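Taking it in order: structure first as structure tokens, then the write-up.
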Amino acid sequence: MLDVMRHHALFPMPPEVTQVILGGGSPIDLDGLRIQSHDEAWNFALNYGYNMGNPIQRAHVGRVYEDAIDFLEGVVLEGTKLHVPNELRHVEDPLDLLVWASERPRTLDGRWSCAILRVMHTLFHVDHNVNLRFLPEIQRQVFSRYDQYLVQEGDRWLLRGAYEVPLVTVERKENKDRVSMLLKMLHKPENVAETIYDQIGIRLVAEDQLGVLMVIRFLLDHHVLMPTHIKPSRSRNLMIDLEALAAWTEAMPPLFQIYDLSAEERRALSHTLALKPGTFEQNPFSSKDYSAIQFTARTLIRLPGPGAPALETLQTRLRNLGLAELAEQARIPELIQEQEEFTFFFAHEVQVMEQSGFQSSRSGPASHSEYKQRQRDAARRRVLQGILQEEPC
Numbered sequence: 138m139l140d141v142m143r144h145h146a147l148f149p150m151p152p153e154v155t156q157v158i159l160g161g162g163s164p165i166d167l168d169g170l171r172i173q174s175h176d177e178a179w180n181f182a183l184n185y186g187y188n189m190g191n192p193i194q195r196a197h198v199g200r201v202y203e204d205a206i207d208f209l210e211g212v213v214l215e216g217t218k219l220h221v222p223n224e225l226r227h228v229e230d231p232l233d234l235l236v237w238a239s240e241r242p243r244t245l246d247g248r249w250s251c252a253i254l255r256v257m258h259t260l261f262h263v264d265h266n267v268n269l270r271f272l273p274e275i276q277r278q279v280f281s282r283y284d285q286y287l288v289q290e291g292d293r294w295l296l297r298g299a300y301e302v303p304l305v306t307v308e309r310k311e312n313k314d315r316v317s318m319l320l321k322m323l324h325k326p327e328n329v330a331e332t333i334y335d336q337i338g339i340r341l342v343a344e345d346q347l348g349v350l351m352v353i354r355f356l357l358d359h360h361v362l363m364p365t366h367i368k369p370s371r372s373r374n375l376m377i378d379l380e381a382l383a384a385w386t387e388a389m390p391p392l393f394q395i396y397d398l399s400a401e402e403r404r405a406l407s408h409t410l411a412l413k414p415g416t417f418e419q420n421p422f423s424s425k426d427y428s429a430i431q432f433t434a435r436t437l438i439r440l441p442g443p444g445a446p447a448l449e450t451l452q453t454r455l456r457n458l459g460l461a462e463l464a465e466q467a468r469i470p471e472l473i474q475e476q477e478e479f480t481f482f483f484a485h486e487v488q489v490m491e492q493s494g495f496q497s498s499r500s501g502p503a504s505h506s507e508y509k510q511r512q513r514d515a516a517r518r519r520v521l522q523g524i525l526q527e528e529p530c
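So in our numbering, the last one in the sequence shown is 530, and the numbering has no gaps at all.
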């Protein structure tokens, strides 16, 4: 054993140990790999999860490589004078990228290989996020909680249940497209799709700060929102001054009704409750003008067991063939009933905004397009480490 170890220098520790395993960094921030041969690249891919001797798995790796090139050219490099080198745009064996990304001293092709691999790694996480396979049904179950109380009357929205709360508008985020997910993941330290909490979301816009509080109270009173299912680390209050709210609540007269306030009194109270700029911690990609209450809620999703759809299809086909009796003899209806549900919690994002903040989010620094541009710039710097002049490697 000692003779074997003498031929393998174990120290110093490589960056995979010091930066990722011990340091808590992301593997896509490594400036290179340590793969010296095609055989080693093959073994790396196998343990990553892909047997390159399997035609189906190899074809998937090839498609992800092509998608990574398209994403680099169409998104990351847009607006720059940079392009993926021609010799890396049509690589026959993606395993070569692993070897080139390991070359020392570093070469420009090696740095571009790293950039391509960073995007490929992120795409693999998107493609293998099991929740995305069931997203339409997940969306239906999540939004049904809100839909039972949301009413639209002409241009007017309101929440109607045991009482009513007026709304300015309602918006839904039904799912993130692949490009949006890639951009989000490429600037997140975790760099995994499971940590994207806003694949599904809903935005409720009220008239003012008081209206926002009324919306949240309605959702709580009707158990649309369950405090037990709120993810604490994802709650962001960028609107309401909690100390001012507590002071107002303490001084509130008995039997107070919000509708007893005049329009001027309501405006003054909303101004008092508004959180002043600079008193809260911002998302680095959000504008300082962005104002909202934002939190992540989890819903218990129930899906049929994986065998149920196949059994239902078989039962239908037998009936269409006039063999319904055979389906009964095989106890297919009972087998369908015996399939256990597939249950899991799924997180969705809730934003509650007031009217002026919502209008600001439509243009200027707080707009979604500006937010996405800041994300794109951050992703570009991360993916093109050592390629951009301002990003030394």
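Glycine included, every Cβ here is placed at the ideal spot set by N, Cα and C.
Keep in mind that this is a model prediction, so the values were computed, not measured.
Starting from the Cα of Ser372, find the closest Cα among Phe432, Val316, Tyr427 and give me that residue.
Taking the sequence shown and counting its residues from 1, one reaches residue 372 at position 235. Considering only alpha carbons, the answer is Phe432.
Whose C-alpha, out of Val267, Glu462, Gly298, is nearest the C-alpha of Phe479?
Residue 479 sits at position 342 when you count from the first residue of the sequence shown. Nearest of Val267, Glu462, Gly298 to Phe479, Cα basis: Val267.
Own chain partners of Gly247 with C-beta closer than 8 Å, once the 5 adjacent residues on each side are dropped:
As a position in the sequence shown, residue 247 is number 110, starting the count at 1. Same-chain partners within the cutoff: Gly169, Trp237, Ala238, Ser239, Glu240.
Coil, strand or helix - Met490 by DSSP:
Locating residue 490 in the sequence shown gives position 353, where the first residue counts as 1. It is a strand residue.
Secondary structure of Leu521, DSSP reduced to three states:
As a position in the sequence shown, residue 521 is number 384, starting the count at 1. In the structure shown, Leu521 sits in coil (DSSP, three-state: anything other than H, G, I, E or B).
Give every residue of the same chain whose Cβ lies closer than 7 Å to the Cβ of Val520, excluding the five residues on either side of it in the sequence, and list them in chain order.
Reading the sequence shown from its first residue, position 383 is the one you call residue 520. If we look at Val520 and ignore the five residues flanking it on each side, its Cβ neighbours are Val213, Ala252, Arg255, Val256, Leu323.
Under a three-way DSSP split, which group does Pro470 fall into?
Start at 1 with the first residue of the sequence shown, and residue 470 comes out as number 333. Helix at Pro470.
Any alpha helix (DSSP H) of 4 or more consecutive residues that is wholly inside the segment 228-258
232-237
Locate the alpha helix (DSSP H) running through Lys310, then write down its first and last residues.
The residue given as residue 310 occupies position 173 in the sequence shown. Here Lys310 belongs to no alpha helix (DSSP H); instead the beta strand (DSSP E) covers 306-310.
Could you please give me the residues that DSSP links to Asn374 through a beta bridge?
In the sequence shown, the residue the question calls residue 374 occupies position 237. The partner list for Asn374 (beta bridge, DSSP) reads Ile430.
Less than 8 Å between the beta carbons of Glu491 and Gly348, yes or no?
On the sequence shown, residue 491 is found 354 positions in, with the first residue counted as 1. On the sequence shown, residue 348 is found 211 positions in, with the first residue counted as 1. The answer is yes: Cβ separation under 8 Å.
If we count Cβ pairs, one from each stretch, closer than 8 Å, do we get three or more for the segment 197-210 versus the segment 222-232?
yes
Using a Cβ-Cβ cutoff of less than 6 Å, which residues in the same chain neighbour Val352 once the five nearest sequence positions on both sides are dropped?
Translated into the one-based positions of the sequence shown, residue 352 becomes position 215. The residues are Val302, Leu341, Ala343, Val489.
Since Gly441 contacts Gln476 with CB under 8 Å, what's their CB separation in whole angstroms?
Here residue 441 corresponds to residue number 304 of the sequence shown, with the count starting at 1. Here residue 476 corresponds to residue number 339 of the sequence shown, with the count starting at 1. The identity of residue 441 in the sequence shown is Pro, whereas the question assumes Gly. About 6 Å separates the two Cβ atoms, so the contact holds.
Would you kindly report the start and end of the unbroken alpha helix (DSSP H) that includes Val198?
Mapped onto the sequence shown, residue 198 falls at position 61. Per DSSP, Val198 belongs to the alpha helix (DSSP H) from 192-208.
Rounded to whole angstroms, what's the CA-CA distance from Gln346 to Ile158? Just pull it up for me.
Locating residue 346 in the sequence shown gives position 209, where the first residue counts as 1. Locating residue 158 in the sequence shown gives position 21, where the first residue counts as 1. Going by the C-alpha atoms only, they are around 45 Å apart.
Does DSSP classify Ile337 as helix, strand or coil?
Here residue 337 corresponds to residue number 200 of the sequence shown, with the count starting at 1. In this structure, Ile337 counts as coil in the three-state DSSP scheme.
Separation of Leu412 from Ile333, as counted between CA atoms
Here the question's residue 333 lines up with position 196 in the sequence shown. Here the question's residue 412 lines up with position 275 in the sequence shown. For Ile333 and Leu412, the distance between alpha carbons rounds to 27 Å.
Through-space distance from Ala445 to Ala405, alpha-carbon basis
Taking the sequence shown and counting its residues from 1, the one referred to as residue 405 is at position 268. Taking the sequence shown and counting its residues from 1, the one referred to as residue 445 is at position 308. Distance between the alpha carbons of Ala405 and Ala445: 58 Å.
Report all residues from its chain with a CB closer than 8 Å to the CB of Tyr550; omit the five preceding and five following residues, and keep chain order.
The structure shown has nothing for residue 550, since the chain only spans 138 to 530.
Do you know offhand how far Ser498's Cα is from Glu465's?
Position 361 of the sequence shown, counting from 1, holds the residue named residue 498. Position 328 of the sequence shown, counting from 1, holds the residue named residue 465. Taking the straight line joining both Cα atoms gives about 59 Å.
Hey, would you say His360 sits closer than 8 Å to Arg435, going by beta carbons?
Position 223 of the sequence shown holds residue 360. Position 298 of the sequence shown holds residue 435. In this structure, Arg435 does not lie closer than 8 Å to His360 by Cβ.
Nearest-angstrom Cβ-Cβ length linking Ile430 and Ile377, presumed shorter than 8 Å:
Locating residue 430 in the sequence shown gives position 293, counting from the first residue. Locating residue 377 in the sequence shown gives position 240, counting from the first residue. Confirmed, about 7 Å.
The alpha helix (DSSP H) enclosing Gln476, as first and last residue numbers
Residue numbering aside, residue 476 sits at position 339 when the sequence shown is read from its first letter. Counting along the chain, Gln476 falls outside any alpha helix (DSSP H), and DSSP gives it neither H nor E.
Start-to-end residues for the alpha helix (DSSP H) that takes in Val154
As a working note, residue 154 is residue 17 in the sequence shown. It is not in any alpha helix (DSSP H) - Val154 carries neither H nor E in the DSSP assignment.
Among Glu327, Val487, His220, Asp514, whose alpha-carbon lies nearest the alpha-carbon of Asp166?
By one-based count along the sequence shown, residue 166 stands at place 29. Comparing Cα-Cα distances from Asp166 to each of Glu327, Val487, His220, Asp514, the minimum goes to Glu327.
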